[in-house]
Structures are given as C-alpha cells and as structure tokens.
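**Q** Quick one: structure below, then a few questions.
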Amino acid sequence: MYRVLAKLIHHATALPPGRWCSGLVLVGTMSLPLAAQGTHRAPPRAALWVALGALSLIVLRRDTNPFIFTEKGLNVFQLSPDFMVYYSAGLRLNAGLDIYNGGLWGFLPFTYPPFAGVFFRILPLFPPVGAAILWAMLCVGCLIAVTVGVLVQRGWRADPGTVTLGILAAMGAMSLAAVRESFFYGQINLVLMLLVSLDFLRRRDRLTGIGVGLAAGLKLTPAFFIVVMLLQRRFRDAAVATGTFLATVVVGLVMVPDAMKFWTSALFDDSRIGALDNPGAQSLKAMVVRWFGHEGTSVTLLWIVLVLVVLAACAVAVIEADRHGNDALAMALGGVTACLVSPFSWHHHWVWLVPLALCIVDLGVRGARALADRTGRQGWWVDQVGVLVGAAVVVGVMVPYVSTTFYFTLTYWWMQGKGPLAATWYTWQGALVILIAGGVAVWLRLRDGQAMWLRRKPSPREKLPEPE
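Numbering follows full-length UniProt numbering, with no gaps: position 378 of the sequence shown is 378.
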C-alpha cells in the first residue's frame, strides 16, 4: 500500500521539465535541492523520524488521557457543533428550506457561502454519527496528503519512508490548537487546505487553479491565494481560480433558495460569526480591539496600517520563495497571512502552521548543507543536525499555538488573563513570522543587488556528492 501511495504522490507532484525544487535559506545561504536522484544526497530521515515519532507518542499519550473523555473535558469523539451545522444545512437544503434564517444547530447560524451548503447536501446521505466518522476520516486524509505533499514538493523522494514521515507529522500536528480544534469542532479547514495545496504542491497544468476556486467557494478566505498566485505571476492559474469561484457563486444561486440573502446581508453581519474579544478570535483586527478594548475610527485605522504592513511583508516573501521554486513556503505564508488580515479568524483557521513547520525544518536542512559545503565538512550527521536545528526553531515558533490538551498553561485561552500582550501572543507572533520572512527576502535581494520587483531565474541545481 505504501508503494502504491508513493507512486501516486510522485506522479501528482512531479515538477515540470527544467524546474527544480530549491528553497529560501533563512541565513542567506545557497538554496540546495534535496531530491535524491543520480549523484544527489538522499533526504535526511533518521533525526526527523525520531523527532516526529517522539512528538506523536506525546500526542497519543495526551489525547488518551482520562481527562479527555470526561463530560467536562475536550471529547473529540462526539457530534461536533460546527459539523452539525454543516449536517443541518444539508438536511434543510435537501428539504428545500432556507439556510440563512436563524440558527441551524442551536443558536449557531450557517456562515459559509451558498456553494458550501450545496456541498454539505452529501452529508445527510448517512446518519449523523456515520457522517461524523466519515468527515473525520476525510480530514485525517487531507492532513496526511498535505504533509506528504509538502515534503515531496521540497524534493524529498515520494516513497514509503516519506509517506511514513508525513503520517507522523500529521499525528504530531494534533499538538497544535488549530488542528486539534478543527477535529473537535468538526471544521472544514483541513479540506480547504488540501484543495489549495492541489494548486501549489503538484505539477501545474490546465486544471491548476480549480482547487483554490473551489476552496474560495466553500469559504471566502482562501480567495486570498489568488493574490498569492498573482504575486508568483501565475496569471493563468489566478484566472482559472477566479473563474471557478464565480462558477461556485452561480451554482449556489441556482441551488440554494436564499442564496441572495448571503451576498446581500448575511455576509456583512459580523454578529453571525462571533465577537472580536472572544479568546478564540485570532486576527489582527481582534488583536487591536483587545489592545484598546473597543472598536472605533482610530482602532480601524491602526488595523488597516497593520494589515498593509503584513501584506507588504508577505508579498516580498512570496516573491522570493517563488524565485527559488519553494511553492510550499509560498502557500504556508499565504495561509498564515490570510488568517492575519481577515477581519475575523478563529484560532482553528490557522492550520497553515503545519506546512509552515515542515518548511522550516526543510530550510534547516538546506542551511546545514550549505554551511557544511562552505566549510568543507561532509557526512551523514550534517543533515541530521539540520533537522534538529529546524525542529528547535519550530518548537519556538509554535509555542503560542499549542493545544489545551498538549500544554494548557501556554494556550491562547489561558493567556487571556495575563495582559494585552500575552492575550494577543497567538496573533502577533504569527505577524512576526511574516515580517521576518519579508525582511529576509528583502535582505537576500539587496545582497544580490536586485530590486524586489525584478525577477531572476532560479540558480542552477547544484550537484552534491553521495552521502558517506
């Protein structure tokens, strides 16, 4: 089974002729391919297997703790509230009823575009418990597909070893609040991430762009990736994504009785989504509101300034990542930025931290190889050190995003009572990551004596000796 899956991944993610996987190295070193072909080094797996294996064991221990299964605990094995909103929307549409009129599951309303309701009409084909199990299985599959896809796009061989690493990474990702809460609430975030990844992690063809368009039709926020495509000068892909999204709008208008209500009123009703001072609200706007304790003209202006700064940093970082063929990093940066600049983002929208973490580890390996080549040091241990350095950076970056079951006293919920800065740690560190990425991109361009708006072909692929 592993070998069949590996072959499918290899064919789906193979790069077009003349384009090689190379990455943006944070220390300004040369970008080095990890693809193991001919005389090139194999991807480093030993240290990553150990790190991800240990993390997966910790997650397994935490999630099987008796606390999880108590009535007051966080029990993921139940009919999750957001999933039941999806299920109820499907039931109502199958009965020819409206979906934007009041709450669908208790007081919870349907906040998605009409096309999402059309998609959810499939769920009532199964009883609620069976549908919830299938939905969770679908989300698990989406998460694993993305983790494996990121590794393969970065040049790791599409074989059983990489598939195993992807599975371990998906298990370890349950330590993050965004991933665990997506399962807890039965959210659609992981499905959206897979759809977007189809346009960033696989070989580009005439169908590229459909994934982003469908994701935007299910939930508007992924439309931001059309901007990412434009920054990459993927104009055709952006056009396909836009056309696909418009098609989903038409489908929704035809198949949802009160679809027009969403586009004319429900879309602009913030009260249907949630309060910005809710601990689970994690966006720049929510951060500014918590800082000042209210909304107003000055708060709105500050929010707009912060949004523009983050967008500028994301733009230069995406352009630089694209210059090195690092589509996985461009996707991860785009996802985090979308969560930041969106007027309202729940903490479980931040599933883009998963591909970001894998990209950081990948950059650690590339940096270690570049440094070793410059100093004349070679050996199996170089790659393992790179993995460990990258993993250490990931730990530092991901601290604000840990799940309550993984480390309760550092989560966004617990930090709410420790002052405005701590209460918004979740958001401002995400913004800091984007700003650092943008700063590194500017530094690399200045080092090369190039303006940001000028593009240069990626450096030729460097040949590396076989590992000892």
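A virtual CB, placed ideally from N, CA and C, is assigned to each residue, including glycine.
All figures in this text were calculated on a predicted structure; none of them were measured in a lab.
Report the rounded CA-to-CA distance for residue 239 versus residue 249, giving the unit in angstroms.
**A** Each residue's Cα considered, the two are about 15 Å apart.
**Q** Tell me which residues share the same chain as residue 280 and place their Cβ nearer than 6 Å to its Cβ, disregarding the 5 neighbours each side in the sequence.
**A** Within the same chain, residue 280 has close Cβ partners 346, 347.
**Q** Whose C-beta lies closer than 6 Å to the C-beta of residue 335 among residues of the same chain, with five residues either side of it excluded?
**A** Counting only Cβ-Cβ distances below 6 Å, and skipping sequence neighbours, we find 352.
**Q** Going by CA-CA distance only, name the one from 264, 344, 285, 228 that's closest to residue 312.
**A** For residue 312, the nearest C-alpha among the options comes from 228.
**Q** Is it right to say residue 324 is buried, meaning 16 or more other beta carbons lie within 10 angstroms of its own, or is it exposed?
**A** Buried, because 16 or more other Cβ atoms sit within 10 Å of the Cβ of residue 324.
**Q** Please name the residue, chosen from 329, 444, 282, 294, that lies closest to residue 155 on a Cα-to-Cα basis.
**A** It is 329.
**Q** Would you say the segment 137-145 touches the segment 172-185, given that touching needs at least three Cβ pairs under 8 Å?
**A** The segment 137-145, when compared against the segment 172-185, does touch it at the 8 Å Cβ threshold.
**Q** With which residues is residue 402 paired in a DSSP beta bridge?
**A** Bridge partners of residue 402: 176.
**Q** Are the CB atoms of residue 391 and residue 364 within a distance shorter than 9 Å?
**A** Yes, the Cβ-Cβ distance between residue 364 and residue 391 is below 9 Å.
**Q** Give me the Cα-Cα distance between residue 357 and residue 431, rounded to the nearest whole angstrom.
**A** If I take the Cα positions, the gap works out to 15 Å.
**Q** Alpha carbon to alpha carbon, how far is residue 177 from residue 415?
**A** Approximately 14 Å, taken between the alpha carbons.
**Q** Output needed for residue 332: all residues of its chain with C-beta closer than 6 Å, excluding positions within five of it in sequence on either side, in chain order.
**A** Closer than 6 Å at Cβ, skipping near neighbours: 352, 355, 356, 359.
**Q** Does the pairing of the segment 274-290 with the segment 403-421 give three or more beta-carbon distances under 8 Å?
**A** In short, these stretches touch, since the Cβ pair count reaches three.
**Q** Go through its chain and collect everything with a Cβ distance to residue 119's Cβ below 7 Å, but skip five positions before and after it.
**A** Here the set comprises 218.
**Q** Evaluate residue 254 with the Cβ neighbour count: other Cβ atoms within 10 Å of its Cβ, from every protein chain shown; 16 or more gives buried, anything less gives exposed.
**A** Exposed, by the Cβ-count rule.
**Q** Quick check: residue 195 and residue 207, are their CB atoms within less than 9 Å of each other?
**A** Going by C-beta atoms, residue 195 is not nearer than 9 Å to residue 207.
**Q** Using DSSP's beta-bridge definition, name the partner residues of residue 346.
**A** DSSP, once it has assigned bridges, lists 281 as partnering residue 346.
**Q** Taking 8 Å as the cut-off, does the segment 104-115 touch the segment 83-96 (at least 3 CB pairs, one atom from each stretch)?
**A** Yes, the segment 83-96 is in contact with the segment 104-115.
**Q** Compare the C-alpha of residue 406 against each of 266, 373, 59 and name the closest.
**A** The option with the nearest alpha carbon to residue 406 is 59.
**Q** Could you work out which residue in 54, 158, 224, 402 is closest to residue 342 when comparing CA atoms only?
**A** Out of 54, 158, 224, 402, 224 has the C-alpha closest to the C-alpha of residue 342.
**Q** Compute the Euclidean distance between the alpha carbons of residue 447 and residue 231, then round it to the nearest angstrom.
**A** Answer to the nearest angstrom: the Cα atoms are 21 Å apart.
**Q** Report the rounded CA-to-CA distance for residue 436 versus residue 350, giving the unit in angstroms.
**A** If you take the alpha carbons of residue 436 and residue 350, they lie about 18 Å apart.
**Q** Who are the Cβ neighbours of residue 6 in its own chain at under 6 Å, not counting the five residues just before and after it?
**A** Caution applies to residue 6, whose pLDDT of 44 falls short of 50 and renders its modelled position unreliable; the value that the coordinates give is listed next. Closer than 6 Å at Cβ, skipping near neighbours: 158, 159, 160, 163.
**Q** What is the rounded straight-line gap between the Cα of residue 270 and the Cα of residue 319?
**A** Going from the Cα of residue 270 to the Cα of residue 319 covers about 33 Å.
**Q** What residue from 62, 175, 247 has the CA that sits closest to residue 113's CA?
**A** Taking only the C-alpha atoms, the option nearest residue 113 is 247.
**Q** Closest by CA to residue 263, which one among 438, 100, 80?
**A** Nearest C-alpha to residue 263: 100.
**Q** Report the residue from 273, 433, 315 whose alpha carbon sits nearest the alpha carbon of residue 108.
**A** Of the candidates 273, 433, 315, the one whose C-alpha sits nearest the C-alpha of residue 108 is 273.
**Q** Note down, one range per segment and in chain order, each alpha helix (DSSP H) of at least 4 residues found wholly within the segment 263-342.
**A** Segments of the alpha helix (DSSP H) lying fully in the segment 263-342: 284-292, 297-323, 327-341.
**Q** Quick one: grab the DSSP three-state call for residue 105.
**A** Reduced to three states, the DSSP call for residue 105 is strand.
**Q** Where does residue 375 fall in DSSP's three states?
**A** Reduced to three states, the DSSP call for residue 375 is helix.
**Q** Classify residue 424 as helix, strand or coil using the three-state DSSP reduction.
**A** Of the three classes helix, strand and coil, the one that applies to residue 424 here is coil, per DSSP.
**Q** Could you please give the first and the last residue of the uninterrupted alpha helix (DSSP H) stretch that includes residue 153?
**A** Element bounds for residue 153: 128-153.
**Q** Look at the alpha carbon of residue 134 and the alpha carbon of residue 209, and state the distance between them as a whole number of angstroms.
**A** Those two C-alpha atoms are separated by around 27 Å.
**Q** In angstroms, rounded to a whole number, what distance separates the CA positions of residue 260 and residue 427?
**A** Using only the alpha carbons, I get a separation of about 33 Å.
**Q** Taking 8 Å as the limit between beta carbons, can you name the residues of its chain near residue 408, skipping five residues before and five after?
**A** Taken in chain order, the residues that qualify are 414.
**Q** For residue 197 versus residue 62, is the C-beta distance shorter than 9 Å?
**A** Against a cut-off of 9 Å, the Cβ pair of residue 62 and residue 197 comes out as no contact.
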